[in-house]
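S.K.: Line by line, the protein sequences are chains A and B. Residue numbers for the first sequence follow our numbering, beginning at 1 and rising by one. Residue numbers for the second sequence follow our numbering, beginning at 1001 and rising by one.
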Amino acid sequence: MPEEIRTRRSLLAFAVAAALTPVANVQATDWSGFAENATYHRDGVGLSKFRNTVQLEMIKPIETSGGWYNVTLNGVLRATYDGVYDLNDKEFGEDAKYEYLGENWHPNEDVSNQALTPGVAVPCENDDRLCNNLSGYMDEDANDIRYPDFNDEMDFIREFYIDATRDIGDDQLSVRLGKQQIIWGRTDLFRVLDTINPVDYSRHNIFDELEDIRIPQWMLSTELRMGANSVFDDMNFQMVWNFDKFRPHNMGTCGQAYRLVDAGCFFASYIGFPPDFPVPDYAGSLIPIIHDVVLPEYTLQNTQGGIKWEGVYGDATFSLNAARYFQQLPSIHYRPGAVPGLPALDGVFDIHFPRVNLVGGSIDYYHMGTDATWRLESAYTEGEELPRDTDGHKETPVVRYVVGMDKNIMIPALGSRSAFLLSAQVFGQSIQDHEKDMPEAKDNWIGTLLFKGWYMNNRLSPQIVIAHDVEAEATAIAPSISYQPDDHWLVNFGFNIKEGGEQKFPWSVAAANGDTSPQWEPLARFTNGPIGVANQEDEIQLTIRYGF
Amino acid sequence: MRKQLLSIAAGLMGVTLTAQAALPESVIQESFFPYKNGGPDVAEIKPGMAINAGNVDQFVAYLDPATYMFIKRGDYEITVGETTSFDLHESYVEATRQFAGQAKLGARTGEIDAPGAGRPFPQEPSLDDPRAGEKLAWNYKFGYNWGDSAAIKPFYWKMRDMESGKVERTFKMNFNFLNFARRTAQDPHPEIQPNPSALFRATYVQVLEPFDVKNTQLLVQKFQDDLKNDNAYLYLGFQRRVRRLSSGQTTDAFLGTDIMIEDFEGYNGRISDMKWTYKGTQWMLSPMYNHNDMPLAKEHQEDDGYQFIDFVGKGGCFPNITWQLRKTHVLWSEPVDPNHPVGRREHYIDAQTFIIPRNITYDRNGSMWKSWTIGQSHPDHHLPINKGTGVAIDDSFSMVDIQANHCTTGQFKGIVDPKLSPASKFTVQQLRAAGR
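Structural data, given as C-alpha cells:
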C-alpha cells in the first residue's frame, strides 16, 4: 500500500477516534445471523451449487460523551464453502474441461470456435501463463472458488464500520467509516445509480439479492441531515469517499459455476493460428486473449467518491447524484503486433478499467389515481468503454434509466386476504456514440416483472420473477415458493429457466478468414447479455436457512 | 339590495359567532370527567367477579358480541375490575375548552374546520344527528391517544395458532409516535415547525427480531388534510432500500400478522375512507386496568424489572387483565371502497378518552372476521415516567382472526417521553440511517 494512502487512512481513523472520545461505556453486543445451504441442480450438468454459508452480524452500541451519539460498531462476517467444486468436479473447478469456447451457451459451428481455444478452467491451477496475465483479476486458485470469502482481500469481513452522529445547529452530522455497502437508487436487480460498490456475479449471476453480492469497500460516508424546511419535508446531503483499493466486478472465473456472459472463459482462452499461416512467428502459435490486467494504481488521486442530495417534496422523494469512479466491468484494449492487422504475439488485449463520471437522479412518487408508486431513475456517464470489434472497445457516453411501478392488489380469487405485490420495471440503456461494430444495441431495454403473494400469515409465499431482454430476445423465468415454519427456518424452492441467447454478431477475424457471417464468439456474448448467455443454465434450486 | 346584503352578512356573522361561542363547562365535564361522581351503578356487575361460560348470559348487555362469543365458548374468562377515571392531560382538556366551539364539519366526509387542538366535538352524540358518527371519528383521530409523542420500546408481537396454542412467530419491535400538529402538552405546541406538507401525525416502526425481518422499518405519515392518502415508506433490511407503499399495502397483513396497518390503534385510516354511523352509547365492559396490579408475564422481563401483560385462554390469545365498566360509544365504519377487504368494523369507543379498546371486523359477506382488543393501562399505575401524563397507555393487544382460528397478541412497554421521539426520527432519511 502506498505510504500516502496508509498515512491518510491512519489520520482519518485517528481523527474520528479522537472526536468520539472520551468513550464512557461499551454496551452489550447484539449478535444475529444465519446458516444456509443452497443446493442447485442444473439441467444436463448436475449439481451447480452446493453452497454452505454462515453469516454473523453484530452491532455494539457505544456510549460516548463529547457531542457524538448513536455511536455503534457494526460488523458482518461471512464464511462460504461451495461444495460443487468437489461434488461435481467434472463440470466445475480446476479439473473441468471444455470442448470449445461457449460450450454451455451455443453449438460448436463457427469459424470463431475454430480460431479460439476453449477457456482454461481456473487458470491459476492449470496454466501459469494465463494466470500471470490475469493476475489481479481472474487469478483465483482452487481454494479461492471453494471458499470465496477467504481471499487476499479478506472478504470474510463483509462489513465493519463505526457509525456516529452529532448535532450541528439544528442539523445532524452522521459519519459512517469502515468497510461497508452504500446503496443509491431505487431499482431492483439492475444498477443505474447504485454504482459505489462492485458486485460479485460469480455467486449467482444477476439473480441474488444485491445485498449479498455487493463487494463491500472501505469508505467514509458523511451525511448532513437537515430535516424539514419551509419547502422540503426532509433533506439530506451525502458525501462518499471510497478510499479502498479499486476492485472490479467479479464476473466469474472460467471453471466457476456462474460466469457473467462467460467472459471468464473468453479471457482464459487463446487465439490460434494454423501451422500454414503465412506470417512467420504466427504460424502454429497460440496467443493468449489477455496479455495483462491494468488495474488503477492505488493512490490518493485514484480513490473514488460521490455526492448525493436527496429530499422529500410533497408526495415525491428524490435524489440528485454525482460520482467519479472506475468502470467496474472490464474494457479490453487491442494490442497491435509488429505486423499490421495482427495482434501482439504475447497477448491480444489488455484489460483496463477507465475513469467514469456519473450524474443522475431518481424520484419516486405515489400516485393516488393508480394507487401505485412510480419510480424513475436515470444516469448519464462519461468515460465508459463498451465492447467493440475494432480495438476491442470504444469510449462513449451512456444513458441508463429505469421506470418502475409497484402496486399492491387484492385478488380474492387467488385465495389470500393479503395483497399481492406487482412490481414492474423497464431498464433502458442508450449508447450515445454507438458504432455498427458494437455488439450491444444502441438502445436496449430489459423488462422485469415480480408478482408475489402471501398465504398462511405470510409464512408461505409464492412468487414469480420474469425478466426479458428485448434485443437479446432472451427471457428468464424464476418461479419460487418460500415457507417459514417458525422464526428460525426458511425453505425456498424454485426454478430458474432461461430462453434465448440465439443472437450472433460478426467478427472481423472470421471475416478476414473469409466468413463474413455472424458468429457466436467472441462478441455475441455482449449481444445476448447475462440472460441469453446463460440459456443452458436451467436450474432447480433449494435453499434452507436457519436464522438466529 | 344593499340592505339585503347587509342582512345576509349579519346573518352569516351571527352563525359564525354562534359556532365560535364557548361551550358550556357542563359539556366539558360530561365529556372528560364522566366518573367524577363514581362509576356506574350496575348492581349485577361488581369488581372482582368472574364472568365465564357459566354466567355470561347474565351480562350479555355489557359485552360486545365477540367478547360474549369467546366467553360463551369457554375460550376466555374475564375478571371485573373497578371502574376508574382515566383523566386526560389538562392541556388537552383546556384546548378543548378553547377551541371546541369552533369545530365544523365540511361538506364531505373527511373535511373539517377545527382550529387549534383538543377534542373537536365534546358534545354528547345524538342518534338524531346524521353526522354523529363522523364527529366521533374525528374525536378519535384528534384524540389525546398517546399524547403528543410516545414510544413503545420494546413491543412484542406473537403469531399464534389458536387451536394448538403454538407460537409461530415472535416479533420484537420499537414503535414511535409523534403529533406534528394539535399538540398541547409537549413543546413546541400547537405545531412543530417547519412542517411544509402539513403533516398531522407520524408513526415509525423498527423491527428488531427475528433475523429474517430484522431492520425492517415502516414510516407512516398522516396529513392534516384527511382527504390526502397517507405517505407510507418501508425499509427492507435485505434490500437496504426505502420503498414507497401504495395504500393497498395498508390494508395488508403487517408482517403476516393478523393486523393491518389500517388497524393500528383501533383505526389508522382516513376518516374519508369510511362511512361512519353512530349506534348509541352504553355501559360496557372494557379492557382497561392498572398494569401494575395485573399478574404479569415472566417472559421477556426487562432489565429495569418491567414485566409485560400475560396472555391466557384458548391458544394464549387473550390478555390476562381485568375489565371495567365504561361509558362506551358504539360506532360503525363501512369502507367506501368496494374492493376493501373489510365489510364493516364495529368500534367500541371509550367515551372519556376516545381510545378504541374494542373493535370487531366483519368481512364482505357480513361474517364476523376479527376481534381486536387493545388493553389500556392507567398511566399512574404503569412505569413511573408515565405517571401524570394523562395518557391511557396501550398496554396489551389481541387480534383474533375468528375465521382462521389464529391470533396475534401484543405486549407493550409504552413510554411517554418526548426525548424518545424527536422529529428527526420520522423522516425517510431515518429509515436509511437506522438500517445497515
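Idealized CB from N, CA, C, for every residue including glycine.
Among B:Phe-1033, B:Arg-1131, B:Pro-1154, which residue has its Cα nearest to the Cα of Ser-1333 of chain B?
M.R.: B:Arg-1131
S.K.: Just to confirm the assignment: which complete beta strand (DSSP E) runs, minimum length 3, are found wholly within the segment 1274 to 1311 of chain B?
M.R.: 1274 to 1286
S.K.: Looking at the C-beta of Gly-415 of chain A, does it have a partner C-beta in chain B at a distance below 8 Å?
M.R.: The Cβ of Gly-415 of chain A sits no closer than 8 Å to any Cβ of chain B.
S.K.: Just how far apart, CA to CA, sit Ser-1197 of chain B and Glu-473 of chain A?
M.R.: It is roughly 46 Å from the alpha-carbon of Ser-1197 of chain B to the alpha-carbon of Glu-473 of chain A.
S.K.: Within the chosen definition, does the segment 429 to 447 of chain A reach the segment 1356 to 1374 of chain B through at least 3 CB pairs nearer than 8 Å?
M.R.: They do not touch, by the three-pair rule.
S.K.: Measuring straight from C-alpha to C-alpha, what distance separates Ala-1151 of chain B and Gly-1414 of chain B?
M.R.: 6 Å
S.K.: For Gly-1133 of chain B, name the three-state secondary structure that DSSP assigns.
M.R.: helix
S.K.: Taking one C-beta from the segment 331 to 348 of chain A and one from the segment 1204 to 1214 of chain B each time, how about it: are there three or more such pairs within less than 8 Å?
M.R.: no
S.K.: Following the continuous alpha helix (DSSP H) through Asn-133 of chain A, name the residue where it begins and the one where it ends.
M.R.: 128 to 133
S.K.: Determine the direct distance from the alpha carbon of Val-71 of chain A to that of Pro-22 of chain A, and round the result to whole angstroms.
M.R.: Only weak support exists for where Pro-22 of chain A lies, its pLDDT of 46 falling under 50; the value from the coordinates is given anyway. Approximately 12 Å, taken between the alpha carbons.
S.K.: Could you compute how far the alpha carbon of Gln-256 of chain A sits from the alpha carbon of Ala-38 of chain A?
M.R.: 16 Å
S.K.: Rounding to the nearest angstrom, what Cα-Cα distance links His-488 of chain A and Tyr-40 of chain A in this structure?
M.R.: 22 Å
S.K.: Let me know if Val-1336 of chain B comes out buried or exposed under the rule of 16 or more other beta-carbons within 10 Å of its beta-carbon.
M.R.: exposed
S.K.: Whole angstroms are fine: how far does the CA of Thr-448 of chain A sit from the CA of Lys-1222 of chain B?
M.R.: 32 Å
S.K.: Can you check whether the CB of Leu-101 of chain A is closer than 8 Å to the CB of Gly-119 of chain A?
M.R.: yes
S.K.: In this structure, does DSSP put Lys-308 of chain A in helix, strand or coil?
M.R.: Lys-308 of chain A: strand per DSSP, three-state reduction.
S.K.: Going by other Cβ atoms of all chains shown within 10 Å of its Cβ, with 16 needed for buried, is Met-1049 of chain B buried or exposed?
M.R.: exposed
S.K.: Quick check on the DSSP output: the beta strand (DSSP E) that includes Pro-387 of chain A runs from which residue to which?
M.R.: 385 to 388
S.K.: Closer than 8 Å by C-beta to Tyr-270 of chain A: which residues in its own chain qualify, once you throw out the five before and the five after it? Chain order, please.
M.R.: Same-chain partners within the cutoff: Leu-116, Thr-117, Leu-286, Ile-287, Pro-288, Ile-289.
S.K.: Measure the Cβ-Cβ separation of Ser-1377 of chain B and Ile-1356 of chain B and say whether it is below 8 Å.
M.R.: no
S.K.: What span of residues does the beta strand (DSSP E) with Thr-253 of chain A cover, start to end?
M.R.: Run containing Thr-253 of chain A: none; DSSP gives neither H nor E here.
S.K.: Using only CA atoms, which one of B:Gly-1133, B:Gly-1147, B:Ile-1374 lies nearest to Met-1274 of chain B?
M.R.: B:Gly-1133
S.K.: Are the segment 364 to 384 of chain A and the segment 344 to 352 of chain A touching, with three or more C-beta to C-beta distances below 8 Å?
M.R.: no
S.K.: Just to confirm the assignment: which complete beta strand (DSSP E) runs, minimum length 3, are found wholly within the segment 1397 to 1435 of chain B?
M.R.: 1406 to 1415
S.K.: When DSSP labels each residue in this structure, what does His-1329 of chain B get in the three-state scheme?
M.R.: strand
S.K.: How do the segment 65 to 81 of chain A and the segment 150 to 164 of chain A stand: do at least 3 beta-carbon pairs fall below 8 Å, yes or no?
M.R.: Per the Cβ contact rule, the segment 65 to 81 of chain A is in contact with the segment 150 to 164 of chain A (3 or more Cβ pairs under 8 Å).
S.K.: Within 8 Å of any Cβ in chain A, is that where the Cβ of Gly-1410 of chain B sits?
M.R.: Not an interface residue.
S.K.: Can you tell me the Cα-Cα spacing of Ala-512 of chain A and Val-279 of chain A, whole angstroms?
M.R.: 14 Å
S.K.: Grab me the residues of Gly-1435 of chain B's own chain with a C-beta within less than 7 Å of its C-beta, minus the 5 sequence neighbours each way, in chain order.
M.R.: Asn-1215, Gln-1217, Tyr-1235, Gly-1237, Arg-1240
S.K.: For Arg-186 of chain A, collect the residues of the same chain with a Cβ closer than 6 Å to its Cβ; drop the 5 residues on either side in sequence, then sort them by chain order.
M.R.: Ser-362, Asp-364, Arg-375, Glu-377
S.K.: So Pro-387 of chain A packs on Leu-523 of chain A, CB below 8 Å; how close in whole Å?
M.R.: 7 Å
S.K.: When the Cα atoms are used, what is the spatial distance from Asp-244 of chain A to Thr-303 of chain A?
M.R.: Cα-Cα distance, rounded: 7 Å.
S.K.: Taking 8 Å as the threshold (C-beta atoms), are Gln-484 of chain A and Asp-1212 of chain B in contact?
M.R.: yes
S.K.: Can you tell me whether Lys-1228 of chain B is buried or exposed, with buried defined as 16 or more other CB within 10 angstroms of its CB?
M.R.: buried
S.K.: Using the three-state DSSP reduction, which class does Arg-459 of chain A fall into: helix, strand or coil?
M.R.: coil
S.K.: When the Cα atoms are used, what is the spatial distance from Leu-1088 of chain B to Phe-1032 of chain B?
M.R.: 7 Å
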